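Structure, as structure tokens:
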Amino acid sequence: MPKALNLEELKSKANDIRKLIVRCTTAAGSGHPSSSLSATDVVTALYFGGFMKYNPQQPRDPDRDRFILSKGHACPVLYSAMAEAGYFSVDDIMTLRKLGSPWEGHPNMRRLPGIEASTGSLGQGLSIGIGHALAGRLDKKSYHVYVMLGDGETGEGQVWEAFAAAEKYRLNNLTAIVDRNGYQQTGATKDVLDMGDLAGKIASFGWNVQTINGNKMDEVVHALEKARAVKDQPTAIVANTKKGFGILPVLETTGDLNYHGKPLSKELAEKALALLSQTN
Ligand SMILES: Cc1ncc(C[n+]2csc(CCOP(=O)(O)OP(=O)(O)O)c2C)c(N)n1
Ligand SMILES: [Mg+2]
0 MPKALNLEEL
10 KSKANDIRKL
20 IVRCTTAAGS
30 GHPSSSLSAT
40 DVVTALYFGG
50 FMKYNPQQPR
60 DPDRDRFILS
70 KGHACPVLYS
80 AMAEAGYFSV
90 DDIMTLRKLG
100 SPWEGHPNMR
110 RLPGIEASTG
120 SLGQGLSIGI
130 GHALAGRLDK
140 KSYHVYVMLG
150 DGETGEGQVW
160 EAFAAAEKYR
170 LNNLTAIVDR
180 NGYQQTGATK
190 DVLDMGDLAG
200 KIASFGWNVQ
210 TINGNKMDEV
220 VHALEKARAV
230 KDQPTAIVAN
240 TKKGFGILPV
250 LETTGDLNYH
260 GKPLSKELAE
270 KALALLSQTN
């Protein structure tokens with residue numbers, strides 16, 4: 000288990016990860032920086048807050064905890080966190096989306112050790128997480144499975160089959176985190192398919208549910224601690240976030256607060272990196 004960083008160190012690590020997200024997507028000239036930035040605080044806490052046990056030198060250790068990024072298009076946050084954790088180098092992730100690079104536009108478990116599931120086709124990650132959680136129970140392993148979904152992604156029917164199945168099996172070794180950033184691909188989530196009381200809906204499927212500000216590191220850490228302590232149910236964390244968090248003033252100048260699937264131009268990236276350096 001890597002050493003757990005304290006709150007201030009976690010905030011600083013999240014900032015480093017945000018810089019890598021901006022850099023690798025701008026270098027690629029494509030990708031999903033805003034979807035990655037909303038999720039950064041949760042992913043940082045998982046990898047560096049003492050929640051996940053993993054060893055980059057033994058990515059297939061049967062006892063490792065699993066993280067599945069169901070909203071696979073946000074893989075720049077996963078690659079950046081894994082580079083910081085030592086799975087591969089920062090130079091590696093700068094090959095994002097280049098022809099032949101294993102740092103593909105969506106995570107590919109066949110090409111990168113440490114990636115638990117090939118995702119990108121939205122709706123599947125929670126079901127895959129259930130498979131890992133059930134396997135852990137059968138194998139008498141104590142590992143924990145974390146799955147991150149997008150809020151737009153919860154419009155996929157398979158997500159709700161998975162919520163139902165996880166409750167049926169009382170999977171206390173499974174935690175789902177919904178990155179509720181209020182947008183999906185084509186607009187505001189509430190306009191495309193309004194899930195309304197998402198936390199209430201998940202709770203009605205028999206889950207333990209917490210709602211937090213997912214861009215506040217203290218709230219994220221506290222929620223993950225509480226999730227670990229729940230012994231008879233799966234836990235969901237509805238993390239209210241902002242798409243592009245960390246560089247919002249820069250996105251505001253573009254008039255597009257969703258900024259879905261667009262890299263920053265070199266000029267905007269410089270502004271974003273300068274802003275992130277101030278916050279560090
Ligand atoms: C099954 C499927 N349908 C459509 C898409 C295209 N798509 C890519 S990202 C996206 C929006 C996802 O929104 P959300 O889950 O809220 O993630 P965010 O980018 O806001 O974090 C869509 C519809 C896809 N990847 N998979
Ligand atoms: Mg969203």
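Heads up: the sequence shown is residues 0 to 279, going by numbering that gives the first Met the number 0.
Beta carbons: idealized from backbone N, C-alpha and C, even for Gly.
Since we're looking at a predicted model, the values are computed, not measured.
Item to check | CA-to-CA distance, Arg59 to Gly113, given in whole angstroms | outcome: Numbered from its first residue, the sequence shown carries residue 113 at position 114. Numbered from its first residue, the sequence shown carries residue 59 at position 60. Computed Cα separation, rounded: 7 Å.
Check: Should the region 190-209 be regarded as contacting the region 134-142, the criterion being three or more beta carbon pairs within less than 8 Å?
Finding: Result no; under three Cβ-Cβ pairs closer than 8 Å.
Below 8 Å between beta carbons: does that hold for Asp150 and Val41?
-> Position 151 of the sequence shown holds residue 150. Position 42 of the sequence shown holds residue 41. Cβ atoms of Asp150 and Val41: not closer than 8 Å.
### beta strand (DSSP E) segment containing Ala80, residue limits
Position 81 of the sequence shown, counting from 1, holds the residue named residue 80. Run containing Ala80: none in the beta strand (DSSP E); it sits in the alpha helix (DSSP H), Cys74 to Ala84.
* Is any heavy atom in ligand 2 found nearer than 7 Å to the beta carbon of Thr255? -> Reading the sequence shown from its first residue, position 256 is the one you call residue 255. Looking at the sequence provided, one finds Asp at residue 255 rather than Thr. Relative to the non-hydrogen atoms of ligand 2, the Cβ of Asp255 never comes closer than 7 Å to any of them.
*asked:* With distance defined between alpha-carbon atoms, name the residue in Asp15, Leu272, Ser35 and Lys18 nearest to Gln183.
replied: Against the sequence shown, residue 183 aligns to sequence position 184. Ranking Asp15, Leu272, Ser35 and Lys18 by Cα distance to Gln183 puts Ser35 first.
Cut-off 7 Å between Cβ atoms - residues of its own chain near Glu7, not counting five sequence neighbours on either side
By one-based count along the sequence shown, residue 7 stands at place 8. Spatial neighbours of Glu7 in its own chain (CB-CB distance under 7 Å, excluding positions within 5 residues in sequence) are not present.
_Extent of the continuous beta strand (DSSP E) to which Thr210 belongs_ = For the purposes of this step, residue 210 is taken as residue 211 along the sequence shown, with counting starting at 1. Annotation: the continuous beta strand (DSSP E) that includes Thr210 extends over Asn207 to Asn212.
**OP:** Return yes when the Cβ of Lys2 is within less than 8 Å of the Cβ of Thr43, no when it is not.
**Re:** The sequence position of residue 43 within the sequence shown is 44, counting from 1. The sequence position of residue 2 within the sequence shown is 3, counting from 1. Thr43 places its beta carbon 8 Å or farther from that of Lys2.
**Message:** Any heavy atom of ligand 1 inside 7 Å of the beta-carbon of Ser88?
**Reply:** As a working note, residue 88 is residue 89 in the sequence shown. In this structure, ligand 1 has no non-hydrogen atom nearer than 7 Å to the beta-carbon of Ser88.
Report task. Identify, in the order they occur along the chain, each residue of the same chain with its Cβ nearer than 6 Å to the Cβ of Leu121, setting aside the five sequence neighbours on each side. Result -> The residue labelled residue 121 in the question sits at position 122 within the sequence shown. If the five residues before and after Leu121 are omitted, its C-beta is found closer than 6 Å to the C-beta atoms of Glu152 and Glu155, all from its own chain and listed in chain order.
Under the three-state reduction of DSSP, which class applies to Val229: helix, strand or coil? The residue you call residue 229 lines up with position 230 of the sequence shown. Looking at Val229 - three-state DSSP - the assignment turns out to be coil, as it is neither helix nor strand.
Just to check, is the beta-carbon of Tyr182 closer than 7 Å to a non-hydrogen atom of ligand 2?
Residue mapping note: residue 182 aligns to position 183 of the sequence shown, counting from 1. Yes.
Requested in this report: If I'm right that Ala165 touches Ile129 with Cβ under 8 Å, what's the distance once you round it to whole angstroms?
Outcome: Within the sequence shown, residue 165 is the residue found at index 166, counting from 1. Within the sequence shown, residue 129 is the residue found at index 130, counting from 1. Contact between Ala165 and Ile129 holds, with the beta-carbon distance rounding to 5 Å and staying under 8 Å.
*Opposing strand residues paired with Gly149 [DSSP bridges]*: Reading the sequence shown from its first residue, position 150 is the one you call residue 149. For Gly149, DSSP records a beta bridge to Asp178.
One question on the structure: do Ala226 and Ile236 come within less than 8 Å of each other, judged by their Cβ atoms?
Looking up residue 226 in the sequence shown gives position 227. Looking up residue 236 in the sequence shown gives position 237. A contact, by the Cβ cut-off of 8 Å.
**Report entry** Euclidean distance between Cα positions of Asn172 and Trp159
**Finding:** For the purposes of this step, residue 172 is taken as residue 173 along the sequence shown, with counting starting at 1. For the purposes of this step, residue 159 is taken as residue 160 along the sequence shown, with counting starting at 1. CA-CA distance, Asn172 to Trp159, rounds to 18 Å.
Beta-carbon proximity check, Gly104 vs Leu68, cutoff 8 Å
Working through the sequence shown from its first residue, we reach residue 104 at position 105. Working through the sequence shown from its first residue, we reach residue 68 at position 69. Not closer than 8 Å, so no.
- Query: Among the residues of its own chain, which have a CB less than 6 Å from the CB of Val208, if the five just before and after it don't count?
  - Reply: By 1-based counting over the sequence shown, the position of residue 208 is 209. Counting only Cβ-Cβ distances below 6 Å, and skipping sequence neighbours, we find Ala198, Ile201, Ala202 and Ala235.
message: Under 7 Å: does the beta carbon of Gly156 sit that close to some heavy atom of ligand 2?
response: By 1-based counting over the sequence shown, the position of residue 156 is 157. Flag unset: Cβ of Gly156 not near ligand 2.
message = Within 10 Å of its beta-carbon, does Met51 have 16 or more other beta-carbons around it, so buried, or fewer, so exposed?
response = Taking the sequence shown and counting its residues from 1, the one referred to as residue 51 is at position 52. With 16 or more Cβ atoms within 10 Å of its Cβ, Met51 is classed as buried.
- Which residue comes first and which comes last in the alpha helix (DSSP H) that contains Ala44? For the purposes of this step, residue 44 is identified with residue 45 of the sequence shown, where counting begins at 1. Going by DSSP, Ala44 is part of the alpha helix (DSSP H) stretching over Thr39 to Phe47.
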